[in-house]
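Below is one structure, written out as C-alpha cells; comments come after it.
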Amino acid sequence: MPYPQNVEMATTVEQIIRNNGAIPATIAIIDGKIKIGLESEDLEILATSKDVAKVSRRDLAEVVAMKCVGATTVATTMICAAMAGIQFFVTGGIGGVHKGAEHTMDISADLEELSKTNVTVICAGAKSILDLPKTMEYLETKGVPVIGYQTNELPAFFTRESGVKLTSSVETPERLADIHLTKQQLNLEGGIVVANPIPYEHALSKAYIEAIINEAVVEAENQGIKGKDATPFLLGKIVEKTNGKSLAANIKLVENNAALGAKIAVAVNKLL
Numbered sequence: 001m002p003y004p005q006n007v008e009m010a011t012t013v014e015q016i017i018r019n020n021g022a023i024p025a026t027i028a029i030i031d032g033k034i035k036i037g038l039e040s041e042d043l044e045i046l047a048t049s050k051d052v053a054k055v056s057r058r059d060l061a062e063v064v065a066m067k068c069v070g071a072t073t074v075a076t077t078m079i080c081a082a083m084a085g086i087q088f089f090v091t092g093g094i095g096g097v098h099k100g101a102e103h104t105m106d107i108s109a110d111l112e113e114l115s116k117t118n119v120t121v122i123c124a125g126a127k128s129i130l131d132l133p134k135t136m137e138y139l140e141t142k143g144v145p146v147i148g149y150q151t152n153e154l155p156a157f158f159t160r161e162s163g164v165k166l167t168s169s170v171e172t173p174e175r176l177a178d179i180h181l182t183k184q185q186l187n188l189e190g191g192i193v194v195a196n197p198i199p200y201e202h203a204l205s206k207a208y209i210e211a212i213i214n215e216a217v218v219e220a221e222n223q224g225i226k227g228k229d230a231t232p233f234l235l236g237k238i239v240e241k242t243n244g245k246s247l248a249a250n251i252k253l254v255e256n257n258a259a260l261g262a263k264i265a266v267a268v269n270k271l272l
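FYI, full-length UniProt numbering numbers position 172 of the sequence shown as 172, with every residue one higher than the one before it.
See below:
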C-alpha cells in the first residue's frame, strides 16, 4: 500500500479497535526488534523506508539478527502475536495456494502457520489472486477451521463472492468467541480463519476483478516474477488497472475486519 495511505489506514484501524473496546497492537520488525504495538514514528519508518523486508517464518531470525526493518506476513504476525500472548489478529486477507501451484509448488507459509499457531485470524478470506478452491482444500487437510461471518461463501478479498462454499458460518461475534474458547479447552493446535466479507457498498464485482487479476497474472508470468515477489507485484498491478478502486476496497475491508476482531476479543474477555 502506498504512502501516506498505509499510515492513515494503520492509524484508523487502531482507532476502530479502540472504539470497539479492545486494545490494538500493530506488529512489525523495527531495526531488528520485534515490536508489538508501534509508536507513530515506527509507523513512519515502516511506511517510508526503501528497504523494508517482507518477513515470513523463514526470514524472521535473519531480519532480527541483521537489525533490519520488516513488514510481517500473516504467518510471522501470528508467531509474534503468540509470543506476546495475543489471541486475535486482524488483516486484509491470508495467503494461500497460488494459481499454477501444481507446477510451481508456490504455496504461502501462512497456511502451515495456521495449522500450528494458536491465533484466530480475522480476514476477508484469501487474496483474490490465489487459487481459492485449492487453498480451502489445503486448510481442510491441515484441520484449520474456516468460519464465515454472516456468509456461507468464502469471501475473496475485493469481492464477497468466490463460488467456494463454506461448511461453517456464524451470525454473531459471541458465537465466534465460544468457538475460540472451546478450541482452546480441547487443546486443538492451530488457528482459526474468520472469513468476514467486505461490506456490500465497497465490494467490487467478481467478473470485473477476476478479469483484471488474470491480466496481472499474465504480466507476472511474462516478467518472470514469482515467489515472495508475486503478491506485491500482482496487488500493485491491480491497483493500477482498477484506477485505485482496489486500494479503496482494501482499506475498507481491513477497517471492517478490525471492528469484528475487536468485538470477538471483547466477547471472549467477557466469558473468562
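Glycine is no exception: its CB is placed at the ideal position from the N, C-alpha and C atoms.
In this structure, DSSP gives C123 an extended state, which the three-state scheme calls strand.
In the three-state reduction of the DSSP assignment, Y149 falls in the strand class, which pools E and B. For secondary structure counted as the alpha helix (DSSP H) over 4 or more consecutive residues, the region 17 to 48 holds these complete runs in sequence order: 40 to 48. If you draw a 10 Å sphere on the C-beta of R18, you find fewer than 16 other C-beta atoms in it, and that means exposed. CA-CA distance, A28 to R160, rounds to 29 Å. Here I129 is near T231, since their CB atoms are less than 9 Å apart.
With fewer than 16 neighbouring CB atoms inside 10 Å of its own CB, L272 falls in the exposed class. N256 counts as buried, since no fewer than 16 other beta carbons sit within 10 angstroms of its beta carbon. Judged by DSSP secondary structure, V217 falls within the alpha helix (DSSP H) whose first and last residues are K206 to N222. If you look at T135, you'll find it in the alpha helix (DSSP H) that goes L132 to T141. According to the DSSP assignment, G236 belongs to the alpha helix (DSSP H) that extends over A230 to K241. DSSP places T11 in the helix class (H, G or I) of the three-state scheme. The region 107 to 120 makes no contact with the region 209 to 217; the number of CB pairs closer than 8 Å stays below 3.
Where I79 is concerned, the enclosing alpha helix (DSSP H) starts and stops at V74 to M83.
Remark: C-beta atoms of I122 and T91 approach each other more closely than 9 Å.
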